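Accompanying notes for the structure given below.
Protein chains in written order, with the numbering used here: chain A, 1 to 409; chain B, 1001 to 1409.
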């Protein structure tokens, strides 16, 4: 069981070895990938779910309304909806762009028109499009440290120089940004993985910095649909008066990651270029699933689903935080967090050196947890744990934590 | 009606103008795309289907087995198939990789194992992955002239220097390849748009050239599933003994372009890098549609569909060629072609200067045809027409051609 993450998780790509062809020299071949790919090492992650599964980045797929989706997919799979024979608009299905614009307006206060929205294959492609439009090889990109790994791998693969910027209890430390950063990738609503919310004055300072440096702020709002208290702060996108924010949303956490659906809200000056980038990249996102999602939102099913999921996740969040605070007081200090699908906890000094052993013992006991260090860019990493509750039902949380507690010295 | 193509066609991306936000300065914003995007100009193409629609690159969507697909999508939309909550393998759904490997083995004689196959969002993403893995900015890429435009735009957006290489009746002129080309993009089965087949000795010369120059050959086999006579020549991939060929296949012509499904058969030395490129690009292709396609192939539905479609397209191809040869003898010389979804015809000298007027008059008469010149990289372009029969039923071909004939002087 490997567990390099910051990436959600996926089942290992390594299939059984291929039949060798009779002509053995083809096995190698004359072509060589560019050297950068040797250093782009995606997480192999857990090969299968653990008995007590506290991995992050995964929603509870049992909440997904399969029956409704089957009905919608059947309705959309007809010639009028997806079968004109022609290719579709790179920016996305018009109904879905309109539905997303309304949705982010209502839920996040973002004043988007349908024309500002571009439908993508999840967050990862949204970031790829923005990077292709804005970054030249050698450009500097700033990311949160600790932070989400897949964007770092993407930016490096495009030849960018990626630099980590520390995060404190109020979010990204704006003074630590390198002056020549062309793009800053941030998770203000629910920092990944720490779980903190970027404070308002930090948001304003970041926007001011970006305006002065003419840098792009890419705001990844990956799981802010789930909130368990307090009024959410305004997104950077809403506070932006200079057109420097690109907002990224995802349906991977609210629906299913395997659908691969996300979106961008793009400043007008970048709109044409992003459409063109989408066109040369893969023309457009698969149309039937776009059409189904548009109906799912328009019919009110998405709002109903979010309410139901929110109630479930709130129960898990509150239980997890309660047990952590009660039973792990000597070892862990929970990082306050009122949103999303995971919490993190810093490890107190006494236990810090033994964290690898703790996590290994927990794994032996059927408990999958991740370390903060796995999300770090530059050592020394803060010792800590990250506990997701998307993949574990409430009924298993207490026993899972009991086993985790027994793994501590 | 605009008509810049070489691209299939898609409905114009230009939506009605957005509501202006109250804060007008956001309309522009401080960010600027990289200059290269200013020159990446996707085709706007026909805004809607013509009465007599000879556009290329479009299959007949009325042939698509919607009922079977609805049944398969319903079956695949369950938790076991797509809803584990985790992300999936970047290389593709294992059942689909296996099904594609068998399919290309049977239909094209390509000895692929499932591990050689990578599932992509259509041909365009397949090319993007290969380009990202192999090309550095400034690298030279050779493409056929005339040729398919979207890959040219893609390569240029990645900073490659794209150079056109002439095509004659036997395919790409190998002696005209620039010695420093790192990648050569070709359509040997059915040259797009001329429709010719690359001769065997030309294939062998191209492979020898690539081996000597350690260049990649990207073989786009976009519509070779449709054949109307003769035994197909072996693909470059099958003839390759040096591991220099990347084979690209698509389901856009055999099924529907809006599904966005294609695949790569990758030399082993590039495999890991291509998986990593797919991972950073968009993680993986939408899983439900992959699962449905795997069953569609495994159940024999794909083979049945191809047989049915092949019979229909053969009727249209033969009729089109017969009428062109009979009624346009003074104006057009049909380029022999026994595969795919379009034929081209060179215009005889007497009419060549009037081709723009002919095509405009045809459009006024409800007939959409494309000019060879629209696919050219460098002038002077050969005067000629390209006539697709994917989007026009057999019953409309004769009247469409009668109107086209009346548009000639």
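Glycine residues also receive a C-beta, built at the ideal position from the N, C-alpha and C atoms.
Quick caveat, the model's predicted, so the values are computed rather than measured.
Euclidean distance between Cα positions of residue 183 (chain A) and residue 218 (chain A) | As a first step, residue 183 (chain A) must be located in the first chain, where it is residue number 183. As a first step, residue 218 (chain A) must be located in the first chain, where it is residue number 218. Roughly 7 Å separates the two Cα atoms.
With 9 Å as the threshold, decide whether the Cβ of residue 1384 (chain B) is near any Cβ in chain A.
-> Your numbering for residue 1384 (chain B) matches position 384 in the second chain. Not an interface residue.
Could you name the residues of the same chain whose beta carbon sits closer than 8 Å to that of residue 1069 (chain B), not counting the 5 residues immediately before and after it, in chain order?
-> As a first step, residue 1069 (chain B) must be located in the second chain, where it is residue number 69. Cβ neighbours of residue 1069 (chain B) beyond the five flanking positions: 1292, 1296.
Residues near residue 1274 (chain B) by beta carbon distance below 6 Å, same chain, minus five either side | In the second chain, counting from the first residue as 1, residue 1274 (chain B) sits at position 274. Excluding positions up to five away in sequence, the list reads 1118, 1129, 1133, 1266.
Do the segment 1311 to 1318 of chain B and the segment 1182 to 1201 of chain B meet, that is, are 3 or more Cβ pairs less than 8 Å apart?
-> no
For residue 1051 (chain B), which three-state DSSP category applies?
-> Counting from one through the second chain, the residue named residue 1051 (chain B) turns up at place 51. Looking at residue 1051 (chain B) - three-state DSSP - the assignment turns out to be coil, as it is neither helix nor strand.
Residue 209 (chain A) versus A:170, A:178, A:229, A:227, residue with shortest Cα-Cα distance | Along the first chain, read from residue 1 onward, the residue named residue 209 (chain A) stands at position 209. Taking only the C-alpha atoms, the option nearest residue 209 (chain A) is A:178.
Interface residues of chain A around residue 1110 (chain B) at Cβ under 9 Å?
-> Looking up residue 1110 (chain B) in the second chain gives position 110. Residues of chain A passing the Cβ test: none, with the nearest at roughly 11 Å.
Cβ neighbour criterion (16 or more within 10 Å) applied to residue 1241 (chain B) | Indexing the second chain from 1 puts residue 1241 (chain B) at position 241. Label assigned to residue 1241 (chain B): exposed.
Might you give, ordered along the chain, the residues of its own chain that have their beta carbon closer than 6 Å to the beta carbon of residue 1340 (chain B), omitting 5 neighbours on each side?
-> Here residue 1340 (chain B) refers to the residue found at position 340 of the second chain. Within the same chain, residue 1340 (chain B) has close Cβ partners 1190, 1223, 1226.
Taking only beta carbons into account, state which residues of the segment 1059 to 1087 of chain B come closer than 8 Å to chain A, listed in chain order.
-> 1059, 1060, 1061, 1062, 1064, 1066, 1069, 1070, 1073, 1074, 1077, 1078, 1079, 1082, 1083, 1084, 1085, 1086, 1087
Applying a beta-carbon distance threshold of less than 8 Å, which residues of chain B neighbour residue 410 (chain A)?
-> Lying before the first or after the last residue shown, residue 410 (chain A) is absent from chain A, which here runs from 1 to 409.
Taking DSSP as the reference, what is the three-state secondary structure of residue 297 (chain A)?
-> Stepping through the first chain from its first residue, residue 297 (chain A) is reached at position 297. Three-state DSSP puts residue 297 (chain A) in a helix.
Could you work out which residue in A:99, A:148, A:62 is closest to residue 376 (chain A) when comparing CA atoms only?
-> Counted from its first residue, the first chain places residue 376 (chain A) at position 376. Here the closest residue by C-alpha is A:148.
Using a beta-carbon distance below 9 Å, is residue 1283 (chain B) in contact with chain A?
-> Translated into the one-based positions of the second chain, residue 1283 (chain B) becomes position 283. For residue 1283 (chain B), the answer is yes, since a Cβ of chain A falls inside 9 Å of its Cβ.
Would you verify that the beta carbon of residue 1235 (chain B) is, or is not, closer than 9 Å to some beta carbon of chain A?
-> Counting from one through the second chain, the residue named residue 1235 (chain B) turns up at place 235. Answer no: the Cβ-Cβ gap between residue 1235 (chain B) and chain A never drops below 9 Å.
For the candidate residues A:334, A:329, A:310, whose alpha-carbon lies nearest to that of residue 321 (chain A)?
-> To locate residue 321 (chain A), count along the first chain from 1; it is residue 321. Cα-wise, what sits closest to residue 321 (chain A) is A:334.
Please confirm if the segment 1276 to 1289 of chain B is in contact with the segment 1057 to 1067 of chain B, defined as three or more CB-CB distances below 8 Å between the two stretches.
-> These segments do not touch.
If you compare alpha carbons, which of B:1395, B:1351, B:1271, B:1401 is closest to residue 1090 (chain B)?
-> Taking the first residue of the second chain as position 1, residue 1090 (chain B) is located at position 90. Of B:1395, B:1351, B:1271, B:1401, the residue nearest in Cα terms is B:1271.
Among the residues of its own chain, which have a CB less than 6 Å from the CB of residue 160 (chain A), if the five just before and after it don't count?
-> Here residue 160 (chain A) is taken as the residue at index 160 of the first chain, counted from 1. If we look at residue 160 (chain A) and ignore the five residues flanking it on each side, its Cβ neighbours are 135, 139, 141.
Use the C-beta contact count for residue 144 (chain A): other C-beta atoms within 10 angstroms, 16 or more gives buried, fewer gives exposed.
-> Residue numbering aside, residue 144 (chain A) sits at position 144 when the first chain is read from its first letter. Residue 144 (chain A) comes out buried.
Buried or exposed: residue 352 (chain A), going by 16 or more other Cβ atoms within 10 Å of its Cβ?
-> Within the first chain, residue 352 (chain A) is the residue found at index 352, counting from 1. Exposed: under 16 other Cβ atoms inside 10 Å.
Which stretch, first to last residue, makes up the beta strand (DSSP E) that contains residue 166 (chain A)?
-> Here residue 166 (chain A) corresponds to residue number 166 of the first chain, with the count starting at 1. Per DSSP, residue 166 (chain A) belongs to the beta strand (DSSP E) from 161 to 168.
Candidates B:1169, B:1261, B:1035, B:1301: closest to residue 286 (chain A) by CA position = On the first chain, position 286 is the one that residue 286 (chain A) refers to. Nearest C-alpha to residue 286 (chain A): B:1261.
Neighbouring residues, chain A, relative to residue 1280 (chain B) (Cβ below 8 Å) | For this step, residue 1280 (chain B) is matched to residue 280 along the second chain. Residues of chain A passing the Cβ test: 40, 42, 124, 128, 150, 153, 154, 157.
Under 8 Å by beta carbon: chain B residues contacting residue 260 (chain A) | Mapped onto the first chain, residue 260 (chain A) falls at position 260. Within chain B, the residues near residue 260 (chain A) are 1282, 1283, 1284, 1285, 1286, 1287.
Any C-beta of chain B sitting closer than 9 Å to the C-beta of residue 119 (chain A)?
-> Walking along the first chain from the start, residue 119 (chain A) turns up at place 119. Not closer than 9 Å to any Cβ of chain B, the Cβ of residue 119 (chain A) fails to qualify, so no.
If we cut at 9 Å on Cβ distances, does residue 1339 (chain B) have a partner in chain A?
-> Taking the first residue of the second chain as 1, we reach residue 1339 (chain B) at position 339. Cβ-Cβ to chain A under 9 Å: no for residue 1339 (chain B).
Only counting runs of 3 or more residues, tell me where the beta strand (DSSP E) segments fall wholly within the segment 1116 to 1149 of chain B, in order along the chain.
-> 1117 to 1120, 1140 to 1145
Once you ignore the five residues that flank residue 1301 (chain B) on each side, which residues in its own chain have a CB closer than 6 Å to its CB?
-> In the second chain, residue 1301 (chain B) corresponds to position 301, counting from 1. Taken in chain order, the residues that qualify are 1068.
Looking at residue 158 (chain A) and residue 186 (chain A), is the spacing between their C-beta atoms short of 9 Å?
-> In the first chain, counting from the first residue as 1, residue 186 (chain A) sits at position 186. In the first chain, counting from the first residue as 1, residue 158 (chain A) sits at position 158. No.
Start-end ranges of the beta strand (DSSP E) lying completely within the segment 1172 to 1249 of chain B, minimum 3 residues | Listed in chain order, the complete beta strand (DSSP E) runs (minimum 3 residues) inside the segment 1172 to 1249 of chain B are 1181 to 1186, 1216 to 1220.
Mark residue 1080 (chain B) as exposed unless 16 or more other C-beta atoms lie within 10 angstroms of its C-beta, in which case mark it buried.
-> Taking the first residue of the second chain as 1, we reach residue 1080 (chain B) at position 80. Exposed, by the Cβ-count rule.
Evaluate residue 294 (chain A) with the Cβ neighbour count: other Cβ atoms within 10 Å of its Cβ, from every protein chain shown; 16 or more gives buried, anything less gives exposed.
-> Here residue 294 (chain A) refers to the residue found at position 294 when the first chain is read from its first residue. Classification for residue 294 (chain A): buried.
Taking residue 34 (chain A) as the query, report the chain B residues whose CB atoms sit under 9 Å from its CB, ordered along the chain.
-> The count along the first chain starts at 1 and reaches residue 34 (chain A) at position 34. Under the 9 Å cutoff, chain B gives 1132, 1133, 1134, 1135, 1136, 1273.
Please confirm if residue 270 (chain A) has its CB atom under 9 Å from at least one CB of chain B.
-> Counting from one through the first chain, the residue named residue 270 (chain A) turns up at place 270. Yes, because at least one Cβ of chain B sits closer than 9 Å to the Cβ of residue 270 (chain A).
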